[in-house]
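K.L.:
Mapped onto full-length UniProt numbering, the consecutive letters of the sequence shown carry residue numbers 1 to 577. We put the CB at the ideal spot given by N, CA and C, even for glycine.
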Amino acid sequence: MKHDERIAPVPGDYNLKDYEEAYRTFSWEEAEKVFSWSETGKVNMAYECIDRHCEGPRKNKVALYYSDPSGRDEKYTFYELKRLSNKFGNVLRKFGVKKGDRVFVFLPRSPELYVSVLGTIKIGAIVGPLFEAFMEGAVRDRLADSEAVALVTNPQLLPRVPIKELPALKHIILVGAGDALPQGDGVGFYDYHKEMAAASEELEIEWVDREDGLILHYTSGSTGKPKGVLHVHNAMIQHYWTAKWVLDLKDDDIYWCTADPGWVTGTSYGIFGPWLNGATCVVRGGRFNPDDWYATIEKYGVTVWYSAPTAFRMLMAAGDDVVKKYNLSTLRHILSVGEPLNPEVVRWGLKVFGKRIHDTWWMTETGAMLIVNFPCMDIKPGSMGKPFPGIQAAIIDDNGNELPPYRMGHLAIRVGWPSMMRKIWNNDAKYREYFRIPGWYVSGDSAYRDEDGYFWFQGRVDDVINTSGERVGPFEVESCLVEHPAVAEAGVIGKPDPVRGEIIKAFVALRAGYEPSEELKQDIIRFVKERLAAHAAPREIEFRDKLPKTRSGKIMRRVLKAWELGLPTGDLSTMED
Ligand code: PRX
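1. Among G278, W275, L315, which residue has its Cα nearest to the Cα of W293?
2. Nearest-angstrom Cα distance between V229 and K423?
3. With DSSP as the reference, label A488 as helix, strand or coil.
4. Okay, do the region 290-306 and the region 405-421 touch, 3+ Cβ pairs below 8 Å being the bar?
5. Along the beta strand (DSSP E) that carries A429, what are the first and last residues, could you check?
6. Does the Cβ of P309 have 16 or more other Cβ atoms within 10 Å, making it buried, or fewer, making it exposed?
7. Check this for me: beta carbons of F388 and V246, under 9 Å apart or not?
8. Exposed or buried, what is G89 when buried is set at 16 or more other beta-carbons lying within 10 Å of its beta-carbon?
9. Decide yes or no for the touch test of the region 465-472 against the region 16-29: beta carbon pairs closer than 8 Å, at least 3 of them.
10. The ligand PRX and M363: does the residue's C-beta get closer than 8 Å to at least one heavy atom of that ligand?
11. Answer yes or no: the CB of E502 versus the heavy atoms of the ligand PRX, is any distance below 8 Å?
12. So, is S573 buried or exposed, given that buried needs 16 or more other C-beta atoms within 10 angstroms?
13. So, does the region 266-286 touch the region 223-241, judging by three or more C-beta pairs under 8 Å?
14. Output needed for G409: all residues of its chain with C-beta closer than 6 Å, excluding positions within five of it in sequence on either side, in chain order.
15. Assign D321 to buried or exposed, taking buried as 16 or more other Cβ atoms, counted over all protein chains shown, within 10 Å of its Cβ.
16. By the DSSP assignment, the beta strand (DSSP E) with F543 in it spans what residues?
17. Between which residues of its own chain and D51 is the CB-CB distance below 6 Å, once the five residues before and five after are set aside?
18. Among the candidates A279, R414, W425, D523, whose CA atom is the shortest distance from the CA of K61?
19. Express the C-alpha separation of T40 and D141 in angstroms, rounding to a whole number.
20. Would the C-beta of D359 count as close to the ligand PRX, meaning under 8 Å from any of its heavy atoms?
21. Measure the Cβ-Cβ separation of S336 and T364 and say whether it is below 9 Å.
22. Hey, is V464 close to the ligand PRX, as in C-beta under 8 Å from one of its heavy atoms?
23. Can you tell me the Cβ-Cβ gap for Y192 and V175, rounded? I've got them flagged as a contact below 8 Å.
24. Quick one: complete alpha helix (DSSP H) runs, 4+ long, within the region 308-365?
25. Would you call the region 347-359 in contact with the region 373-389, where contact means no fewer than 3 C-beta pairs closer than 8 Å?
26. Please name the residue in D462, E451, P340, V208 whose C-alpha comes closest to that of V499.
27. Taking 8 Å as the threshold, find out whether the region 284-292 comes into contact with the region 62-78 through three or more Cβ pairs.
28. Verify the contact flag: T219, CB atom, against every heavy atom of the ligand PRX, threshold strictly below 8 Å.
29. Count the other CB atoms within 10 Å of the CB of V415; is the residue buried (16 or more) or exposed (fewer)?
30. Ignoring anything shorter than 3 residues, give me the beta strand (DSSP E) runs that lie fully in the region 258-309, in order along the chain.
31. What separation, rounded to the nearest whole angstrom, lies between the Cα atoms of I7 and G382?
32. So, with DSSP's three-state summary, where would you put I123?
33. Kindly provide the ranges of any beta strand (DSSP E) runs that are 3 or more residues long and lie completely inside the region 381-455, ordered along the chain.
34. Could you check whether the Cβ of F475 sits closer than 9 Å to any Cβ belonging to chain C?
35. Suppose you measure from the CA of A259 to the CA of F106; what does that come to, to the nearest Å?
36. For A133, I'd like the list of residues in its chain whose CB is within less than 7 Å of its CB, leaving aside the five on either flank, ordered along the chain.
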């Protein structure tokens, strides 16, 4: 299993010059001294991202370029974002929203989304970004669990918010409501633009403790409802240094992170990391489309581009002729996250962009990058890279013993990095599960390390599905499936897929009186799409008379997976007759 293929770095003036040296000498205690608050303890992420730059030469630098297929085409300087986020902070304060309250933002990618996130953070409230594709069930679970008091959304998405089931929700701010504000349900409705126009540009920032709540990202596990992963302001230390050294951001860069802020990549590296470094960010609205994406790089002269394997695979599938239509010569640094980056894709990137694609590994729970490929080091295609300085990564067995090179085990991190999640909302037991092996954070991924210290991803230890870089919990999909009148039982697995990494496949046993049919399949798929989210709906359904279950009634997903892959089913001693 020797990995001999290496792609050497292109010599350049990178922010990080020597990885080995940095790994030996780096300490988080030193690293945090770039922030003056490291002495006082009082801090605010939004101030560090935006306002701080307005006190120096970046005041009138463009912080955000936004455009979308509908024709919006705008730009905002750091100073403009400061004023707008101040206004939004004042809007929330007027409604009585205060430090520690949860404010959710359920909007498509747009300047209003970014202003809302920053303004919420400025008053010390905890922001919860919601992906725009979420349907009613997913929206309800997240707002109910977090007891959000305020929501920013738009009239198109509002019907997916079950207000009557959300007693804590008091204020709904609608972007583009015009004069037709809804009423009733014990909730105040407001028009974003009117409130913003009336609000003052001056705001007393809420200075919080570094351990105070910043952002709540819901993510999926193999059991139960989605988990609210809480991050705190202290995470900025790691956002800053990883964006500086891994994204290699410099003052003249034009940076594009393609992730939506509904996912952690879209906040840690679509907001915090780049803006802490004073970088110019590009945000493109609308859906993925190869021409649109290449045109975006050309339009803005994007230099640093952070995306995901599924997107690269779809671009690859669109063909090299599409690439040739555009001038992509500004690109100097490309990175990837979210799922395994195939060596084939890395080789394709070299061919068409003339650039290496740098893989990075991390999770919602880790808050920031942990294992990465730096521009100054050799890439081994197929490997996630090496631990960021200050991060101790290891492969351990169930008892916490570190395993030698090439032995597969739990990918684990020594506890105590700045951006680590601080709790799972309302679920301490779940939180503690990550730390069940003393001294370690257990990621749930399996991997091995090679003799040069590179880490190689092997898969998830649990049943969590990674489809197009999005984490989907099988239990959540199964729970939704069994709500369909025809479905008696359902088991959901990830089926390997060349473009999406995995697709969701459901095995379904029907209730008496229902017959399998193509029509019923489509109806069940639509049902999940409308309740949960399009990306969480099965792409394949297989009807079975019975599903394999343990004696205690749990669906045995590993047996379903074995069926699917044509593999031996293994130990069936716990299976019911
Ligand atoms: O299984 C790993 C996979 O995505 C999981 C984390 O998903 P999420 O919390 O949604 O965060 C994604 C973006 C930070 C991991 O447990 N994953 C993430 N990056 C990689 C990866 N798998 C292989 N290679 C990666 N570079």
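P.N.:
By the coordinates alone:
1. Here residue 293 corresponds to residue number 293 of the sequence shown, with the count starting at 1. The shortest Cα separation from W293 among G278, W275, L315 belongs to L315.
2. The residue labelled residue 229 in the question sits at position 229 within the sequence shown. The residue labelled residue 423 in the question sits at position 423 within the sequence shown. Using only the alpha carbons, I get a separation of about 6 Å.
3. Within the sequence shown, numbered from 1, the residue matching residue 488 stands at position 488. DSSP places A488 in strand when its eight states are reduced to three.
4. no
5. One-based indexing of the sequence shown puts residue 429 at position 429. Counting along the chain, A429 falls outside any beta strand (DSSP E), though it belongs to the alpha helix (DSSP H) covering 428-433.
6. As a working note, residue 309 is residue 309 in the sequence shown. P309 is buried by the Cβ-count criterion.
7. One-based indexing of the sequence shown puts residue 388 at position 388. One-based indexing of the sequence shown puts residue 246 at position 246. Yes.
8. What you label residue 89 is simply residue 89 of the sequence shown in a count that begins at 1. Looking at its Cβ environment, which holds 16 or more other Cβ atoms inside 10 Å, G89 is buried.
9. no
10. Stepping through the sequence shown from its first residue, residue 363 is reached at position 363. Yes, Cβ of M363 sits closer than 8 Å to a heavy atom of the ligand PRX.
11. The residue labelled residue 502 in the question sits at position 502 within the sequence shown. No, the beta carbon of E502 sits no closer than 8 Å to any heavy atom of the ligand PRX.
12. The residue you call residue 573 lines up with position 573 of the sequence shown. S573 should be labelled exposed.
13. yes
14. Residue 409 sits at position 409 when you count from the first residue of the sequence shown. Only I395, I396, D397, L403 meet the Cβ criterion.
15. By 1-based counting over the sequence shown, the position of residue 321 is 321. Per the 10 Å Cβ criterion, exposed.
16. By one-based count along the sequence shown, residue 543 stands at place 543. 540-543 is the span of the beta strand (DSSP E), which, as asked, contains F543.
17. Start at 1 with the first residue of the sequence shown, and residue 51 comes out as number 51. K82.
18. Mapped onto the sequence shown, residue 61 falls at position 61. The residue with the shortest Cα to Cα distance from K61 is A279.
19. Here the question's residue 141 lines up with position 141 in the sequence shown. Here the question's residue 40 lines up with position 40 in the sequence shown. So the alpha carbons of these two residues sit roughly 38 Å apart.
20. Here residue 359 corresponds to residue number 359 of the sequence shown, with the count starting at 1. Yes - the ligand PRX has a heavy atom lying nearer than 8 Å to the Cβ of D359.
21. Your numbering for residue 336 matches position 336 in the sequence shown. Your numbering for residue 364 matches position 364 in the sequence shown. Result no, Cβ atoms of S336 and T364 do not sit closer than 9 Å.
22. As a first step, residue 464 is located in the sequence shown; it is residue number 464 there, counting from the start. Checking the Cβ of V464 against the ligand PRX gives yes.
23. Here residue 192 is taken as the residue at index 192 of the sequence shown, counted from 1. Here residue 175 is taken as the residue at index 175 of the sequence shown, counted from 1. Contact holds; Cβ gap of about 4 Å.
24. 309-318, 320-324, 343-353
25. yes
26. In the sequence shown, counting from the first residue as 1, residue 499 sits at position 499. The shortest C-alpha separation from V499 is found at P340.
27. yes
28. Stepping through the sequence shown from its first residue, residue 219 is reached at position 219. Yes, the Cβ of T219 comes within 8 Å of a heavy atom of the ligand PRX.
29. As a first step, residue 415 must be located in the sequence shown, where it is residue number 415. Burial call: exposed.
30. 280-284, 304-307
31. Counting from 1 along the sequence shown, the entry for residue 7 is found at position 7. Counting from 1 along the sequence shown, the entry for residue 382 is found at position 382. Roughly 11 Å between the two C-alpha positions.
32. If you number the sequence shown from 1, residue 123 lands on position 123. Three-state DSSP puts I123 in coil, outside helix and strand.
33. 393-396, 409-414, 440-449
34. Protein chain content of the structure displayed is limited to a single chain, and chain C is not contained in it.
35. Counting from one through the sequence shown, the residue named residue 259 turns up at place 259. Counting from one through the sequence shown, the residue named residue 106 turns up at place 106. A259 and F106: Cα-Cα distance of roughly 15 Å.
36. Numbered from 1 along the sequence shown, position 133 holds the residue referred to as residue 133. Cβ within range, chain order: A533, A534, H535.
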